[in-house]
Ligand code: TYC
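Numbering (the numbering used here), first residue to last: 27 to 147.
As structure tokens, this is what we get:
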């Protein structure tokens with residue numbers, strides 16, 4: 027006995043191009059882009075006077091997957107400039123990073139502040 031396969035609806039197709047009189051130009055219209063890339067967020071650490079440098083370096087290594095050298099450079103930039111970008115992520119991931127870093131800082135008794143901000147698009 028033949029089993030009936032489920033029918034998958036086909037997406038609508040544009041009408042086939044009908045050839046016009048010879049020599050006529052065919053104008054193809056560009057369709058507007060249907061999907062935008064997602065808004066991205068940078069995760070930023072802020073400087074303070076109390077969080078130990080070594081703790082910040084470890085945080086940047088652990089949560090932002092940087093090697094020790096890069097993590098140290100980012101930490102020093104934050105220390106000197108007041109803030110620094112540790113990574114750029116989709117909104118969900120950025121929010122999770124902020125929560126995880128803040129939780130690790132509080133657990134260790136440090137006032138380190140971590141925020142996320144949208145990148146200008
Ligand atoms: N300014 C801190 C100190 O001198 C170090 C520090 C760096 C703190 C970066 C926070 O996000 C920070 N101990």
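Backbone N, C-alpha and C fix where the C-beta goes; we use that ideal spot for every residue, glycine too.
So what does DSSP say about residue 109, is it helix, strand or coil? Here residue 109 refers to the residue found at position 83 of the chain shown. If DSSP states are grouped into helix, strand and coil, residue 109 belongs with the strands.
Label residue 110 either buried or exposed according to how many other C-beta atoms from any shown protein chain fall within 10 Å of its C-beta, with 16 as the threshold for buried. Here residue 110 corresponds to residue number 84 of the chain shown, with the count starting at 1. Its Cβ being crowded by 16 or more others within 10 Å, residue 110 is buried.
Using 8 Å as the cut-off, can you tell me whether the stretch 49-61 makes contact with the stretch 102-117, which would need three or more C-beta pairs spanning the two stretches below that distance? no
Is the distance from the Cβ of residue 139 to the Cβ of residue 74 below 9 Å? Indexing the chain shown from 1 puts residue 139 at position 113. Indexing the chain shown from 1 puts residue 74 at position 48. Their beta carbons are under 9 Å apart, which means residue 139 touches residue 74 by this criterion.
Touching by the beta-carbon criterion (3+ pairs, under 8 Å), the stretch 87-98 and the stretch 114-122: no
Within the structure, which residues are defined as neighbours of the ligand TYC by a Cβ-heavy atom distance below 7 Å, reported in chain order? 71, 72, 73, 74, 75, 76, 77, 78, 79, 82, 101, 104, 105 and 138
Under 8 Å by Cβ, that's how I've got residue 152 and residue 69 pegged, so tell me the actual separation to the nearest angstrom. Nothing about residue 152 can be reported from this structure: the residues present for the chain run from 27 to 147 only.
Please report how far the alpha carbon of residue 129 lies from the alpha carbon of residue 97, in whole angstroms. Mapped onto the chain shown, residue 129 falls at position 103. Mapped onto the chain shown, residue 97 falls at position 71. Using only the alpha carbons, I get a separation of about 19 Å.
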